[in-house]
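Residue numbers for the sequence shown follow UniProt numbering, beginning at 1 and rising by one. Backbone N, C-alpha and C fix where the C-beta goes; we use that ideal spot for every residue, glycine too. Computed from a prediction, not measured in an experiment: that's the story for all the values here. Notes for the one structure printed next.
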Amino acid sequence: MPSRKKNSPTQTSPRTPRTSPRKSPRTSTGTLTILSISIALISAVVYFLNSHLERFYIFSTSELHDLSLRAISTHGNDTAAVVTFIAGELSEKLPGGYVNLDQEWIFNNAGGAMGAMYILHASVTEYLIIFGTAVGTEGHSGRHTADDYFHILKGTQLAYTPGSFEPEVYPQGSVHHLERGTVKQYKMDEACFALEYARGWIPPMLFFGFADVSAVHLMCRRCGGRLGLRANK
Ligand SMILES: *[C@@H]1O[C@H](CO)[C@@H](O)[C@H](O)[C@H]1NC(C)=O
């Protein structure tokens, strides 16, 4: 009993003054320094990548529009065939697992609009999906860190920006370009499907666009495929 009492203060006393008063201010300034250096480095990297984003893109907007038009002229309103045609040709042009041919359709809820989607490709800088609805939908576009190109394969999409009194009308075969940073309300009165291509910074879009856990999961799996991890198929 007495030996324990003697031991415990001698063991603890030299340790406690060293750790508590000295270390805590050092670690907080150290953390701040590391944090500010990290922020500066990340900003520099983001700035550099932002000006070189073009290099990372594997799809071209003019080719996707041309492909959509050829798919429609070949298969008309047989949208299932249009989709298969598009996926098939892209997969031939970009071999090596870049294009997902496994049509895993899932629901996606974003900005109050509900639709179904099939992910053709996803990476940090691009995604390509077929998005649409068989019954119509309406919602908020979201304000995104990427340019969005909506190639209408079937039906018509309407949209407007606040302050406009007339709708923008996007019929079959047209492209609705939602510029990076702009917001719109959009609507598909009836069945409408599109080849949706986004290019820019994709990860921030996932918070809005793919609020569904399953959709984010699927996007990330596809994204992993792009980064060399390769998805199931
Ligand atoms: C698809 O159907 C719509 C509505 O019936 C029609 O206006 C359009 O011309 C059709 N498109 C093609 C490519 O057949």
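Opposing strand residues paired with residue i [DSSP bridges]
{"i": "Ala-194", "result": "Phe-131, Ile-152"}
{"i": "Val-169", "result": "Leu-158"}
{"i": "residue 272", "result": "Residue 272 is absent from the structure shown; the chain starts at 1 and stops at 233."}
{"i": "Glu-63", "result": "Glu-63 is not bridged to any residue."}
{"i": "Arg-199", "result": "Glu-126, Asp-147"}
{"i": "Glu-54", "result": "Glu-54 pairs with nothing; no bridge assigned."}
{"i": "Met-205", "result": "Paired residue(s): none; Met-205 is not in a bridge."}
{"i": "Gly-115", "result": "Asn-108"}
{"i": "Gly-139", "result": "Tyr-186"}
{"i": "His-75", "result": "Answer by DSSP bridge pairing: none, since His-75 is not bridged."}
CB contact below 7 Å: residue i versus chain D
{"i": "Val-124", "result": "Annotation note: the requested chain D is absent from the structure, which comprises a single protein chain."}
Own chain partners of residue i with C-beta closer than 7 Å, once the 5 adjacent residues on each side are dropped
{"i": "Ile-72", "result": "Val-82, Leu-153, Gln-172, Gly-173"}
{"i": "Thr-79", "result": "Leu-153, Lys-154, Phe-193"}
{"i": "Asn-77", "result": "Lys-154"}
{"i": "Cys-220", "result": "none"}
Beta-carbon contacts of residue i that lie in its chain and below 8 Å, excluding the five residues immediately before and after
{"i": "Pro-203", "result": "Val-124"}
{"i": "residue 257", "result": "With the chain running from 1 to 233 in the structure shown, residue 257 is simply not present."}
{"i": "Leu-69", "result": "Gly-173"}
{"i": "Glu-138", "result": "Gly-112, Ala-113, Gln-185, Tyr-186, Lys-187, Met-188"}
{"i": "Glu-54", "result": "none"}
Whole-angstrom C-beta distance between residue j and residue i, which should lie under 8 Å
{"i": "Glu-126", "j": "Ile-58", "result": "7 Å"}
{"i": "His-144", "j": "Arg-180", "result": "6 Å"}
{"i": "Met-114", "j": "Ile-130", "result": "Actually they are not in contact, since the Cβ atoms of Met-114 and Ile-130 sit about 15 Å apart, beyond 8 Å."}
{"i": "Tyr-149", "j": "His-121", "result": "With a Cβ gap of about 14 Å, Tyr-149 and His-121 do not count as contacting."}
{"i": "Gln-157", "j": "Tyr-197", "result": "That belief does not hold up - the Cβ atoms of Gln-157 and Tyr-197 are roughly 15 Å apart, past 8 Å."}
{"i": "Leu-64", "j": "His-151", "result": "6 Å"}
{"i": "Leu-32", "j": "Ile-106", "result": "Not a contact, Cβ separation roughly 43 Å."}
{"i": "Met-205", "j": "Ala-146", "result": "6 Å"}
{"i": "Phe-132", "j": "Ala-110", "result": "Looking at the sequence itself, residue 132 is Gly, so the reference to Phe does not match. That belief does not hold up - the Cβ atoms of Gly-132 and Ala-110 are roughly 13 Å apart, past 8 Å."}
{"i": "Thr-74", "j": "Phe-85", "result": "6 Å"}
Beta-carbon proximity list for residue i, same chain, < 6 Å, skipping 5 on both sides
{"i": "residue 234", "result": "The requested residue 234 does not occur in the structure, where the chain is confined to residues 1 to 233."}
{"i": "Asp-189", "result": "Gly-136"}
{"i": "Thr-161", "result": "Lys-184"}
{"i": "Thr-61", "result": "Tyr-149"}
{"i": "Ala-40", "result": "none"}
{"i": "Gln-103", "result": "Tyr-118"}
{"i": "Val-175", "result": "His-65, Tyr-149, His-151"}
{"i": "Ser-36", "result": "none"}
{"i": "Glu-166", "result": "none"}
{"i": "Asn-50", "result": "none"}
Proximity test, residue i beta-carbon vs ligand 2 heavy atom, cut-off 6 Å
{"i": "Thr-156", "result": "This structure simply doesn't include ligand 2; it includes ligand 1 instead."}
Point to revise | Minimum length 4: unbroken alpha helix (DSSP H) runs contained in the stretch 82-109 | key: none
Exercise for review: Report all residues for which the CB-ligand distance to some heavy atom of ligand 1 is below 6 Å; order them along the chain.
Suggested key: Ile-72, Gly-76, Asn-77, Gln-172
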